[in-house]
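Asks:
Residue numbers (the UniProt record's numbering): 1 to 46.
Structure representation (structure tokens):
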């Protein structure tokens, strides 16, 4: 179960990183802000 959850988290984090990079490309954000957004999104997703 843990292995499956880790795979899901990995997939989520990759998707989130892609989304964040798109957002950062559109709106100039502070890199630390986008990193925080990624962490918050992953935490919320679980």
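For every residue, glycine included, the Cβ atom is placed at its ideal position computed from N, Cα and C. As the structure is a prediction and not an experimental result, all values here were calculated from the model.
So residue 20 and residue 38 are supposed to be a Cβ contact under 8 Å. How far apart are they, rounded?
Replies: Contact between residue 20 and residue 38 holds, with the beta-carbon distance rounding to 5 Å and staying under 8 Å.
Asks: Whose C-beta lies closer than 8 Å to the C-beta of residue 13 among residues of the same chain, with five residues either side of it excluded?
Replies: 38, 42
Asks: Only counting the same chain, and skipping five residues up and downstream in sequence, which positions put a Cβ closer than 6 Å to that of residue 45?
Replies: 12
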